[in-house]
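Worksheet for the structure shown next.
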Amino acid sequence: MDAEAGTPLLDQAHGHGTPWNLRGTFGASLAGLTALLLGLLAGFGRFAPDIDDTHVGQYYSYLTDVYVMIFLGFGFLMTFLKRYSYSAVSLNYVTSCLVILEAVLACGWAQQGWGAVAVDLPLLIDAAFAAGAAMISFGAVLGKATPAQLVWLLALEVPLYAANAQLVAGRWGALDVGGSITIHAFGAVYGVAAAAFLAPRGSGSAHPKSGASYVSDMTAMLGTIFLFIYWPSFNGALASAPGEKAQPQVYCIMNTVVALLGAVLAAFAASAAATGKLDMVHIQNATLAGGVAIGSSANLAMPPACALAVGITAGALSTAGYLVLSPFLEGKCGITDTCGVANLHGAPGIWGGLASALFSWLFAAGANKKLIVHGASQPAVQLAALGCTLAAAAAGGALAGFLVSKADPAKQSLEEGDLYEDAVFWHEVEGEEHKEE
10 MDAEAGTPLL DQAHGHGTPW NLRGTFGASL AGLTALLLGL LAGFGRFAPD IDDTHVGQYY
70 SYLTDVYVMI FLGFGFLMTF LKRYSYSAVS LNYVTSCLVI LEAVLACGWA QQGWGAVAVD
130 LPLLIDAAFA AGAAMISFGA VLGKATPAQL VWLLALEVPL YAANAQLVAG RWGALDVGGS
190 ITIHAFGAVY GVAAAAFLAP RGSGSAHPKS GASYVSDMTA MLGTIFLFIY WPSFNGALAS
250 APGEKAQPQV YCIMNTVVAL LGAVLAAFAA SAAATGKLDM VHIQNATLAG GVAIGSSANL
310 AMPPACALAV GITAGALSTA GYLVLSPFLE GKCGITDTCG VANLHGAPGI WGGLASALFS
370 WLFAAGANKK LIVHGASQPA VQLAALGCTL AAAAAGGALA GFLVSKADPA KQSLEEGDLY
430 EDAVFWHEVE GEEHKEE
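Residues in the sequence shown are numbered from 10 upward in steps of one, following my numbering.
Pasting the structure below:
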């Protein structure tokens, strides 16, 4: 605090005309939602009565693997912005925790019905999956939404995510063990739809602070490597559920590994072919598209070449997205997608849903018979699940983005100079203009 002016240091660091103070927006929003979740968990949350230490052996390692992806993988992947790394990794951290707690209740009610929620490790993993969808959405508005806007945008996403996932994968019986449809496609479309309302003018790729530096690209690449290593656990975390829901976890692991390997090769080849050199944006993102695309059909017994083909196609498709789709969205539609989630999660997620429809027809017999519960109708179920998810995410994201953008425009809209800038929200971070002086 400046003793003479009585002005918080945070406001001094901000030199673009908006008096930023996070107490009444972000702080109050986060505190209020935390208190609400505490009350709801006290009223409805119960640890499941039938859990024991075998439960830990079966699920805990997968829970920690998924957490590595959420907090380290997604967090550091978003640090590529040269002036926004503090906010990227830290807001990923806090909003993921908020979403996980909210999703314990929302997914619990969606799966178990209204009333007491039996909390166990599979439910915590499902809640972490919800955080995965939310962090994908976060990537679309990275650097363009205030902390308070992010809190409300992602809090509004959780009930819709839980309802859609339970409808298409639970009640309809769609194949989606790794979430190509319900996590990746949903999160990407929700985020891009919200970005249409939360991205102010001048917030696109031409903005001087929207780019990366040599160092920030290296920290983002660490996130890519974490995601690459742990993605098989993400796709197979709940495939070991006992009883009638049992799924061949070994196929989840092997299919995901093969698809990821194919995506890496395809992304490097496509980047070099398209640009004459290698583009770090392609390498950080498109190399992971195989893990996204194979998710819906990861638990199916099929030839390894099928998983490899899915991964190769996804890697090439994702690279093409950064070259074609992102410029189209920004130039023709006025939608800026900071991390290109439409390319890494949206298009590969849709491709994964289409591939699952094809594979559920080609490999319906034998080891897959128990998984393909609708027989010859399973491809139609896959397509219906994909269509329902895209529609729900688009409508929900647009509505949430609109509401959040209008909630308090005087205090919650970023000016052009505030975009992609840590100094706006953090103590002891000098603005770029101060360094230039």
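Heads up, the beta-carbon is just placed ideally off N, CA and C, and yes, glycines get one too. These numbers were taken from a predicted model, which means no experiment stands behind them.
Apply the 10 Å Cβ neighbour rule to residue i and answer buried if 16 or more other Cβ atoms are within range, or exposed otherwise.
| i | result |
| --- | --- |
| R180 | exposed |
| E445 | With a pLDDT of 42 at E445, under the threshold of 50, the modelled position of this residue cannot be trusted, and the question is left open. |
| C342 | exposed |
| Y495 | Here the chain comprises residues numbered 10 to 446, so residue 495 is not present and cannot be evaluated. |
| W123 | exposed |
| V485 | Lying outside 10 to 446, the shown extent of the chain, residue 485 is not represented and no answer is given. |
| V333 | exposed |
| D62 | exposed |
| H436 | exposed |
| D11 | Unreliable positioning characterises D11 in this predicted model, as indicated by a pLDDT of 40, which lies under 50. The coordinate reading is nonetheless provided below. The residue in question, D11, is exposed, as its Cβ has fewer than 16 Cβ neighbours within 10 Å. |
| S214 | exposed |
| N287 | For the sequence presented, residue 287 should be read as Leu rather than Asn. Result: exposed. |
| V98 | buried |
| V413 | buried |
Between which two residues does the alpha helix (DSSP H) harbouring residue i extend?
| i | result |
| --- | --- |
| V333 | Element bounds for V333: n/a, residue is neither H nor E. |
| S105 | S94 to Q121 |
| L408 | Q387 to A416 |
| D74 | D62 to Y76 |
| L367 | A356 to L371 |
| G324 | P313 to A329 |
| Q158 | P156 to A174 |
| S280 | Q258 to T284 |
| V290 | M289 to N294 |
| A208 | A208 -> no alpha helix (DSSP H), and no H or E assigned at all. |
| G150 | According to the sequence as given, residue 150 is Val; it is not Gly. No alpha helix (DSSP H) holds V150; DSSP gives it neither H nor E. |
| V301 | A298 to A302 |
With respect to the beta strand (DSSP E) encompassing residue i, which residues constitute its N-terminal and C-terminal limits?
| i | result |
| --- | --- |
| G54 | G54 to F56 |
| V126 | V126 to V128 |
I'd like the list of long-range same chain contacts for residue i, defined as Cβ closer than 7 angstroms, with 5 residues on each side in sequence excluded.
| i | result |
| --- | --- |
| A172 | A119 |
| V267 | P313, A316, L317 and G320 |
| Y429 | L90, R92, Y93, G152, H216, K218 and S219 |
| Y76 | A137 |
| W360 | A302, T322, A323 and L326 |
| E111 | L46, A164 and V167 |
| H383 | G182 and V390 |
| N264 | I303, A307 and A316 |
| F368 | S306, L309, M311 and C315 |
Verify whether the separation of the beta carbon atoms of residue i and residue j is less than 8 angstroms.
| i | j | result |
| --- | --- | --- |
| Y239 | G82 | yes |
| A57 | D129 | yes |
| D226 | M289 | yes |
| G324 | A389 | no |
| S189 | G271 | no |
| A298 | P357 | yes |
| H386 | L184 | Correcting the residue identity first, residue 386 is Ser in this sequence and not His. Taking 8 angstroms as the Cβ cut-off, S386 and L184 do not qualify as a contacting pair. |
| L274 | V186 | no |
| L3 | L236 | Beyond the ends of the chain as shown, which are 10 and 446, falls residue 3; an answer cannot be given. |
| L72 | I134 | yes |
| A310 | N244 | no |
| S280 | T328 | yes |
| F434 | S70 | no |
| N352 | G375 | no |
| G355 | L162 | no |
| T398 | T191 | yes |
| S146 | G196 | yes |
| V108 | A139 | yes |
| A115 | G362 | no |
Which residue or residues does DSSP assign as beta-bridge partners of residue i?
| i | result |
| --- | --- |
| L90 | A221 |
Taking only heavy atoms of the ligand MN into account, decide whether any of them is closer than 7 angstroms to the Cβ of residue i.
| i | result |
| --- | --- |
| T328 | No copy of the ligand MN occurs in the structure displayed, which carries no ligand at all. |
Examine chain B for any beta-carbon lying closer than 8 angstroms to the beta-carbon of residue i, and answer yes or no.
| i | result |
| --- | --- |
| L81 | Within the model displayed, chain B is absent; a lone protein chain is all it includes. |
Leaving out the 5 sequence neighbours to the left and right, which residues in its chain are closer than 8 angstroms to residue i when beta-carbon positions are compared?
| i | result |
| --- | --- |
| R55 | A125, V126, A127 and V128 |
| F80 | N101, Y102 and S105 |
| I292 | M230, T233, A276, F277 and S280 |
Among residues of its own chain, excluding the 5 on either side of residue i, which ones have a beta-carbon nearer than 6 angstroms to its beta-carbon?
| i | result |
| --- | --- |
| A149 | G200, V201, A204, D346 and V350 |
| F35 | P156 and A157 |
| A295 | A276, G324, S327 and T328 |
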